[in-house]
DNA sequence: ACCTGGATGGCAACCGGTTGCAAGAACCTT
DNA sequence: AAGGTTCTTGCAACCGGTTGCCATCCAGGT
């Protein structure tokens with residue numbers, strides 16, 4: 001059994017409250033007593049029980065981080081950045097993955113509720129209404145979704161999509177396929193919105209799709225058949241799957257079809273052809289989300305981070 | 001403020017203990033009373049506070065999962081498998097990343113200690129002694145490391161390395177470079193052990209290295225210079241970095257040098273050339289680790305899972 | 001010598017639940 | 001109808017800490 005505050009108190013003949021103060025309000029205890037307590041604590045290997053402490057103070061010094069799919073290489077850098085930032089603030093981050101399932105997401109939030117001081121909700125799949133309801137029980141910072149009155153870290157997807165479309169248009173592409181993501185994705189809606197209001201483009205929408213390589217693979221045939229000369233994909237995984245699928249049909253990228261992804265993940269950089277993509281500031285987003293949570297405690301500041309187009313090898317001039 | 005057990009008790013004129021039993025021992029309370037309590041609880045949006053419950057019962061229904069680097073694509077499938085398995089057992093998994101830093105790893109374990117019922121330690125970087133000491137405070141299951149008397153899930157790295165070396169030998173390779181991983185990696189030691197006792201091979205060791213693309217990139221020049229015709233890399237990321245580095249020096253894979261990785265991660269499958277690699281049963285390992293933790297509660301069963309060689313395009317005949 | 005006030009540390013209530021014990025009620029037995 | 005079971009529920013202690021309040025002690029001021 002691990003030593004408790006009582007064991008320490010007994011060991012150095014002092015009341016538990018004194019031991020408690022030694023750790024949580026050192027200035028209230030006599031230096032001599034304090035060092036006796038510290039020595040005894042060290043001797044017994046005592047460590048304050050954070051859960052018990054949280055019960056009275058209401059602060060756990062933990063935060064949750066919920067992502068749709070940890071296997072998507074987009075998330076790990078964001079997660080690491082958040083953990084590093086939190087560590088610097090004396091906080092710890094618990095990560096959980098929802099498997100893209102809104103029910104799991106809700107359950108996870110409920111579980112987390114009293115064990116953390118707040119939750120970073122990344123690319124949620126729940127409805128805005130549900131998120132607002134859950135926000136009554138635990139402070140949120142939402143990443144990649146705009147919800148009124150709720151602190152959020154947004155990446156400027158619209159701007160990125162615009163850059164990508166302009167790039168494609170500049171290469172002579174007119175008919176462009178838009179391969180969107182899953183239902184409930186704010187990012188997907190943003191992309192579609194921008195595309196729809198860009199003049200002079202002939203758009204074909206495909207969706208909803210799984211936001212993974214598999215999703216891209218599955219939609220490849222349809223995209224090839226629709227006659228578009230370029231594709232804007234929901235994310236890099238979808239783009240990679242798509243390229244894989246097109247290759248299987250002997251359709252060359254970028255010779256016959258140009259492909260642009262989103263996120264700038266590692267496999268996209270290693271791929272042949274190297275993927276042209278819109279880079280998302282995942283690291284900055286992870287850091288900001290932590291800061292926002294600790295500062296605001298739930299009040300509604302919104303931060304929007306810029307994105308950038310990275311032109312590599314998967315886009316080229318439209319063929320006649 | 002979230003509703004507590006007292007609010008519910010007051011709302012339906014019953015003692016708190018009855019409310020408590022309604023949730024944790026329903027058979028002990030009269031069906032009529034129970035439904036009244038449930039109705040009131042539902043009405044108030046009451047949810048038991050898991051942290052408070054854990055204080056008395058000693059069970060949190062949480063487990064920790066600590067990995068060295070969440071950005072390594074090897075881990076996410078393992079993590080997802082563990083989370084899914086845990087969910088089926090009514091448990092939740094909190095994931096944390098140590099950034100390959102033993103100090104962070106230790107700190108993380110200490111933080112987790114009283115908030116979880118056990119910890120899955122994946123590819124730890126701490127010393128065996130330290131892990132044994134920490135195990136006094138919280139049950140562990142170790143993945144990818146053998147520690148006497150401690151439950152473990154091992155992947156048969158030795159067997160995989162043997163398969164890979166035989167494969168290379170069969171292709172006529174004699175001088176083989178072994179690019180190992182970080183200090184403290186059991187996997188790395190296993191590989192080296194097998195290689196050293198395989199007769200008829202001329203081995204060159206390189207290490208320690210960062211277990212990432214960067215690590216592979218950094219060692220590429222030395223590997224090229226040593227005259228080996230084949231490389232066995234610590235993992236796929238290292239292998240990919242290595243191939244990238246060799247390509248930059250105009251050294252073709254597999255024409256001039258063959259490369260075998262470990263793990264079978266997604267980017268390896270998408271790479272050109274597609275990576276020959278030893279597949280690790282990450283999903284099975286995640287599941288097993290959870291089961292082991294819940295069954296054993298710390299007793300020392302060890303499970304070893306087989307690995308398999310997947311020959312793709314990054315290995316070929318040795319050139320004269 | 002007396003008063004004042006700050007420093008120190010004990011006391012006990014409290015955080016949100018759980019659980020052993022016992023009392024009262026309802027139901028059987030014979 | 002007396003005695004014994006089985007249910008159902010309240011009581012209160014407890015899990016490991018925190019914290020407001022109060023008593024004591026000691027030093028300084030006058």
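Protein chains in written order, with UniProt numbering: chain A, 1 to 320; chain B, 1 to 320.
For glycine and all other residues, C-beta sits at the position ideal for the given N, C-alpha and C.
Inset, instruction - Could you list which residues in chain B have their beta carbon closer than 8 Å to that of residue 113 of chain A, in chain order? - result: Among the residues of chain B, those whose CB is under 8 Å from the CB of residue 113 of chain A are 2, 47, following chain order.
Legend entry - beta strand (DSSP E) runs contained entirely in the segment 76 to 125 of chain B, provided each spans 3 or more residues: Complete beta strand (DSSP E) runs here, min 3: 92 to 97, 119 to 122.
Legend entry - One or two residues paired with residue 155 of chain A in a DSSP bridge: The partner list for residue 155 of chain A (beta bridge, DSSP) reads A:305.
Legend entry - At least three beta-carbon pairs within less than 8 Å, the segment 106 to 124 of chain A to the segment 140 to 148 of chain A: Taking a contact to require three or more Cβ pairs closer than 8 Å, the segment 106 to 124 of chain A and the segment 140 to 148 of chain A qualify as touching.
Inset, instruction - Can you pull the chain B residues whose beta carbon is under 8 Å from the beta carbon of residue 70 of chain A, in chain order? - result: Simply 70, 76, 79, 80, 95.
Legend entry - Backbone secondary structure at residue 276 of chain B - three-state DSSP: Residue 276 of chain B sits in a strand when the DSSP states are folded into three classes.
Inset, instruction - Using a cut-off of 9 Å between C-beta atoms, extract the partners of residue 271 of chain A located in chain B. - result: In chain order: 267, 270, 271, 272.
Inset, instruction - Give me the Cβ distance between residue 282 of chain B and residue 151 of chain B, rounded to the nearest whole Å; I'm assuming they're in contact under 8 Å. - result: Contact between residue 282 of chain B and residue 151 of chain B fails: their C-beta atoms lie close to 18 Å from each other, not under 8 Å.
Inset, instruction - State yes or no: is the C-beta of residue 141 of chain A within less than 8 Å of the C-beta of residue 190 of chain A? - result: Not closer than 8 Å, so no.
Legend entry - Those runs of the beta strand (DSSP E) which lie wholly inside the segment 154 to 235 of chain A and span at least 3 residues: Qualifying beta strand (DSSP E) stretches, in chain order: 175 to 179, 202 to 206, 230 to 233.
Inset, instruction - Could you check if residue 30 of chain A is buried or exposed, using at least 16 other CB atoms within 10 Å of its CB as the buried criterion? - result: A residue is called buried once 16 or more other Cβ atoms fall within 10 Å of its Cβ, and residue 30 of chain A, having fewer, is exposed.
Inset, instruction - Report the neighbours of residue 137 of chain B on chain A: residues whose CB is nearer than 9 Å to its CB, in chain order. - result: Close to residue 137 of chain B, with beta-carbon spacing below 9 Å, are these residues of chain A in chain order: 2, 45, 47.
Legend entry - 7 Å Cβ shell around residue 296 of chain A - same chain, five flanking residues per side excluded: Only 151 meet the Cβ criterion.
Inset, instruction - Look at the alpha carbon of residue 265 of chain A and the alpha carbon of residue 175 of chain B, and state the distance between them as a whole number of angstroms. - result: Distance between the alpha carbons of residue 265 of chain A and residue 175 of chain B is about 35 Å.
Inset, instruction - Pick out whichever of B:4, B:34, B:54, B:3 has its Cα sitting closest to the Cα of residue 18 of chain B. - result: Comparing C-alpha distances from residue 18 of chain B to each of B:4, B:34, B:54, B:3 shows the shortest one belongs to B:34.
Inset, instruction - Just mark residue 206 of chain B as buried or exposed, buried being the case when its beta carbon has 16 or more other beta carbons within 10 Å. - result: Only buried fits residue 206 of chain B, as 16 or more other CB atoms lie within 10 angstroms of its CB.
Legend entry - Reduced DSSP category for residue 62 of chain B - H, G, I as helix; E, B as strand; rest coil: In this structure, DSSP gives residue 62 of chain B an extended state, which the three-state scheme calls strand.
Inset, instruction - Spell out whether any CB of chain B is found under 8 Å from the CB atom of residue 51 of chain A. - result: Taking CB atoms only, residue 51 of chain A has a neighbour in chain B less than 8 Å away.
Inset, instruction - Taking only runs that begin and end inside the UniProt domain "HTH lacI-type" (3 to 57) of chain A, name each unbroken beta strand (DSSP E) of 3 or more residues, in chain order. - result: Those beta strand (DSSP E) runs which fall completely within the UniProt domain "HTH lacI-type" (3 to 57) of chain A and span 3+ residues do not exist here.
Inset, instruction - List the residues that DSSP assigns as beta-bridge partners of residue 260 of chain B. - result: B:232, B:276.
Inset, instruction - Return the Cβ separation of residue 314 of chain B and residue 267 of chain B in integer angstroms, given the expectation that the two are a contact with Cβ distance under 8 Å. - result: Actually they do not touch by this definition, with Cβ atoms about 13 Å apart.
Legend entry - In DSSP terms, what residue 140 of chain A is bridged to: A:119.
Inset, instruction - Using a Cβ cut-off of 9 Å, pull out every chain A residue sitting near residue 173 of chain B, in sequence order please. - result: Residues of chain A passing the Cβ test: none, with the nearest at roughly 24 Å.
Legend entry - Three-state class that DSSP yields for residue 253 of chain B in the structure shown: In the displayed model, residue 253 of chain B falls within coil according to three-state DSSP, outside both helix and strand.
Legend entry - Below-8 Å beta-carbon distance, residue 324 of chain B vs any chain A residue: Summary: the structure shown does not reach residue 324 of chain B, with chain B confined to residues 1 through 320, and so no result is reported for it.
Legend entry - Three-state secondary structure (DSSP) of residue 321 of chain A: In the structure as shown, chain A starts at 1 and stops at 320, and residue 321 of chain A therefore has no counterpart that could be examined.
Legend entry - Closest Cα partner of residue 96 of chain B within the set A:64, A:72, A:110: Measuring from the Cα of residue 96 of chain B, the nearest candidate turns out to be A:64.
Inset, instruction - Could you tell me if residue 6 of chain B is buried or exposed, where buried requires 16 or more neighbouring beta carbons within 10 angstroms of its beta carbon? - result: Residue 6 of chain B counts as exposed, since fewer than 16 other beta carbons sit within 10 angstroms of its beta carbon.
Inset, instruction - Would you check if the distance between the CB atom of residue 60 of chain B and the CB atom of residue 116 of chain B is smaller than 8 Å? - result: Their beta carbons are under 8 Å apart, which means residue 60 of chain B touches residue 116 of chain B by this criterion.
Inset, instruction - Drop a sphere of 10 angstroms on the beta-carbon of residue 1 of chain B, count the other beta-carbons inside from all chains shown, and report buried for 16 or more, exposed for fewer. - result: Under the 10 Å beta carbon count, residue 1 of chain B is surrounded by fewer than 16 other beta carbons and is classified as exposed.
Legend entry - Beta bridge counterpart(s) of residue 310 of chain A as assigned by DSSP: DSSP lists A:277 as partners of residue 310 of chain A.
Inset, instruction - Quick one: give me the first and last residue of the alpha helix (DSSP H) that residue 130 of chain A is part of. - result: Annotation for residue 130 of chain A: the continuous alpha helix (DSSP H) segment containing it runs 128 to 134.
Legend entry - residue 73 of chain B, buried or exposed, once every other Cβ within 10 Å from all chains shown has been counted against 16: Burial is judged here by how many other beta carbons sit within 10 angstroms of a residue's own beta carbon; residue 73 of chain B has at least 16 and is buried.
Legend entry - residue 261 of chain B to residue 131 of chain A span [Cα, whole Å]: When rounded, the distance between both Cα atoms is 43 Å.
Inset, instruction - Give a yes or no on whether the C-beta atoms belonging to residue 303 of chain B and residue 89 of chain B are separated by under 8 Å. - result: Against a cut-off of 8 Å, the Cβ pair of residue 89 of chain B and residue 303 of chain B comes out as no contact.
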